[in-house]
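S.K.: Got a structure here, written out as structure tokens. Questions coming.
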Amino acid sequence: MFYHEILMNQKAGQKAKQYLIDRGVSEDTMKLFFIGYAPHTWGLAQAWLMKKGFTLQEMIAAGLVGKRDGGKPFDRFRGRIMFPVDDLQGRTVAFGGRIVPWHETGNEGKYVNSPETALYEKRRVMYNLSRAKKVLRKLPCIVVEGYMDVVMMVQAGVENVVATSGTAMTEDHVALMKRFTHSMISAFDGDAAGWKATIAATQAALVSGMHVATVTLPDGVDPADIAKDHPQDVVSLFAATRPLMEVLVERLGVGTPQQREQALAALAPLLRLVKNPIEQGAMIEQAAQLLKVSEMKIADLVAQADVAPAAPVVSPEAELPAGLPEVPELKLEQRLLGMLLYAPSTRSELFEGIAPEYFLDPMCQEVYKELQRSHRKDQHFHERASSEILLAIDERYRSFLIGVEARAQELNATSNASLEDEARFLMRSLQKRFLRERLTSLQEDVSPDALARFQGLAQELAAIE
């Protein structure tokens with residue numbers, strides 16, 4: 003294959019090959035996926051294809067060459083790492099090209115995908131499904147966002163992983179998966195775009211009657227990061243899924259009556275999509291427990307819910323459903339948890355200065371409590387390596403913690419502050435936020451007890467500001 007040969011054996015591909023190696027991709031993996039490189043030229047692919055006997059019209063029809071009205075033909079892929087996209091029979095029908103950093107100007111898209119052709123319809127093709135189908139008879143299908151997520155997870159030993167090819171999940175994608183499995187695990191990035199993709203995939207899968215679970219990833223961390231940094235743990239980590247309803251309720255937040263109402267409004271249309279009445283009943287029961295409302299109330303809302311057309315379900319650019327906002331405070335909380343893992347010298351001070359109720363996010367609060375319990379039980383906890391802590395932690399929290407540790411390390415690498423200064427900054431930020439919220443809640447209470455508490459909290463806040 004032209005692009006693969008350049009990457010593996012030509013001088014023009016040496017820098018791109020080293021770039022992939024630096025990102026953790028082995029040569030064996032490059033060969034397995036036939037990863038290639040398209041040099042930043044306008045006619046190299048055309049010349050090669052012409053020598054092979056292809057006409058210009060055939061090159062254009064295949065999506066490898068473009069031509070504007072009245073202009074010269076040009077190579078569609080230039081200066082990009084090339085990922086061949088196969089159909090279910092393993093035949094290459096398209097490419098995805100990721101721009102390499104040294105050719106990035108900001109004017110081009112990070113990814114360029116083949117246009118739809120006679121052989122390629124995005125909604126009917128899933129990246130790596132031709133390989134993954136062998137194991138999907140026994141395993142659920144893990145769906146991730148990008149080519150690199152798939153590549154790195156397969157390299158780490160996770161074979162049952164696929165990605166959509168430059169489009170949101172559709173019923174056609176789900177129909178492909180259902181030929182081999184009836185269970186799907188969404189493992190999209192933890193940022194806002196990842197949550198949009200999660201909702202899109204969830205809608206499509208629920209419509210078809212698939213069982214849906216998810217793996218929680220923190221903001222800024224993707225499956226490729228985890229597979230690269232912790233390859234020995236990735237199989238067990240992605241097996242430690244969480245029920246869909248639990249993750250959605252956690253993301254929505256249920257701290258106030260208003261949040262619970264917003265959560266109900268957001269969840270009812272999704273629950274309406276569940277075709278299996280037994281599974282729908284189980285999910286309604288779980289939602290009722292998490293939201294602390296009656297099953298009857300949720301069932302009534304589900305029965306009245308409007309359901310949007312399912313195909314295409316949600317475009318990647320679409321807004322999140324009402325009640326699924328991105329919460330900036332999570333970054334602060336996740337960064338502090340990451341600090342507890344990779345910076346042992348900060349643990350004693352952080353555990354002394356942070357109470358569980360300082361955390362707004364339920365997942366972060368539960369993880370902190372778990373770490374706090376371990377700290378109290380183990381007199382040598384403050385000396386433990388992060389790998390020891392991760393092996394001992396409840397597996398429900400392991401993938402989440404690996405992600406926040408990786409993100410915290412990345413952020414600290416760009417900071418000039420010492421670990422201790424960084425830890426104190428994070429601790430004070432959580433303390434101040436908590437105290438300000440408590441003060442706000444007491445402002446309208448004029449009882450003597452409330453006034454005394456208000457004065458005490460105000461003094462605490464003044465002492466750390």
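So in my numbering, spot 322 of the sequence shown is number 324, and the numbers just go up one at a time.
Virtual Cβ for every residue (Gly too), placed ideally from N, Cα, C.
None of these values were measured; they are calculated from a predicted model.
(1) Roughly how many angstroms separate the alpha carbons of Lys333 and Leu362, rounded to a whole number?
(2) What is the rounded straight-line gap between the Cα of Glu297 and the Cα of Ala425?
(3) Taking Glu252 and Ser210 to be in contact with their CB atoms under 8 Å, please state how far apart those CB atoms are, rounded to whole angstroms.
(4) If you check the beta carbons only, do Met128 and Tyr5 fall under 8 Å apart?
(5) By Cβ distance below 6 Å, which residues in the same chain neighbour Gln288 in space, the five residues on each side in sequence not counted?
(6) Tell me the DSSP secondary structure of Asn115 in three-state form.
(7) With a 10 Å radius around its C-beta and 16 neighbouring C-beta atoms as the bar for buried, classify Asp24 as buried or exposed.
(8) Compute the Euclidean distance between the alpha carbons of Gly38 and Met32, then round it to the nearest angstrom.
(9) Give me, in chain order, the residues of the same chain whose beta-carbon lies closer than 7 Å to that of Leu131; leave out the 5 immediate sequence neighbours on both sides.
(10) Quick check: the Cα distance between Gln12 and Met3, rounded to an integer number of angstroms?
(11) Are the beta-carbon atoms belonging to Gly405 and Pro220 less than 8 Å from one another?
(12) Grab me the residues of Gln20's own chain with a C-beta within less than 6 Å of its C-beta, minus the 5 sequence neighbours each way, in chain order.
(13) Based on DSSP bridge pairs, tell me the residues matched to Pro245.
(14) Rounded to whole angstroms, what's the CA-CA distance from Val304 to Lys277? Just pull it up for me.
(15) Using a Cβ distance threshold of 8 Å, determine whether the region 132-145 contacts the region 182-198, with at least three qualifying pairs required.
(16) For Ala18, collect the residues of the same chain with a Cβ closer than 7 Å to its Cβ; drop the 5 residues on either side in sequence, then sort them by chain order.
(17) Taking C-beta to C-beta, are Gly98 and Tyr149 nearer than 8 Å?
(18) Name the one or two DSSP bridge partners that Ile144 has.
(19) Do the region 232-239 and the region 153-169 touch if we need at least three Cβ pairs shorter than 8 Å?
(20) Only counting runs of 4 or more residues, tell me where the alpha helix (DSSP H) segments fall wholly within the region 42-85, in order along the chain.
(21) Compare the Cα-Cα distances from Glu29 to each of Glu359, Glu106, Thr43, Glu7 and report the closest residue.
(22) Output the boundary residues of the alpha helix (DSSP H) element that contains Tyr370.
(23) Determine the direct distance from the alpha carbon of Val95 to that of Leu121, and round the result to whole angstroms.
(24) If you run the structure through DSSP and keep just helix, strand and coil, what is Phe97?
(25) Give the DSSP-derived three-state secondary structure of Ala305 in the structure shown.
(26) Name the residue from Ala207, Asn109, Arg337, Gly92 whose alpha carbon lies nearest to the alpha carbon of Met429.
(27) Go through its chain and collect everything with a Cβ distance to Val137's Cβ below 7 Å, but skip five positions before and after it.
(28) Return the chain-ordered list of same chain residues with a C-beta closer than 6 Å to the C-beta of Gly196, the five sequence neighbours on each side being excluded.
(29) Taking buried to mean at least 16 other C-beta atoms within 10 Å of its own C-beta, is Leu58 buried or exposed?
(30) Per DSSP, which one or two residues make a beta bridge with Tyr39?
(31) Leaving out the 5 sequence neighbours to the left and right, which residues in its chain are closer than 6 Å to Ile300 when beta-carbon positions are compared?
(32) Anyone know if the C-beta pair for Asp88 and Thr43 falls short of 8 Å?
(33) Please state the DSSP three-state secondary structure of Tyr129.
(34) Measuring only the C-alpha atoms, how far is Pro311 from Ala241?
(35) Could you pull out every residue in the same chain whose Cβ sits closer than 7 Å to the Cβ of Trp50, ignoring the five residues on either side in sequence?
M.R.: Result, derived from the coordinates:
(1) 11 Å
(2) Rounded to whole angstroms, Glu297 to Ala425 spans 43 Å at the Cα level.
(3) 25 Å between Cβ atoms; not a contact.
(4) no
(5) Met247
(6) strand
(7) exposed
(8) 8 Å
(9) Here Leu131 has Leu90, Val164, Leu178 as same chain residues with Cβ atoms under 7 Å from its own Cβ, once five neighbours each way along the sequence are excluded.
(10) 13 Å
(11) yes
(12) none
(13) Ala215
(14) 12 Å
(15) yes
(16) Cβ within range, chain order: Leu9, Tyr39, Ile83, Val102.
(17) yes
(18) Val163, Ile187
(19) yes
(20) 46-53, 58-63
(21) Closest in C-alpha terms to Glu29, from the list Glu359, Glu106, Thr43, Glu7, comes Glu7.
(22) Per DSSP, the unbroken alpha helix (DSSP H) holding Tyr370 starts and ends at 364-379.
(23) 6 Å
(24) Of the three classes helix, strand and coil, the one that applies to Phe97 here is strand, per DSSP.
(25) Looking at Ala305 - three-state DSSP - the assignment turns out to be helix.
(26) For Met429, the nearest C-alpha among the options comes from Arg337.
(27) So the qualifying residues of the chain are Glu161, Asn162.
(28) Closer than 6 Å at Cβ, skipping near neighbours: Phe190.
(29) exposed
(30) Ile83
(31) Ile286, Ala289, Ala290
(32) In this structure, Asp88 sits away from Thr43, with a CB-CB distance that is not shorter than 8 Å.
(33) strand
(34) Interpretation of Pro311 is limited by its pLDDT of 38, a score under 50 that renders its predicted location unreliable; no figure is taken from the coordinates.
(35) Phe4
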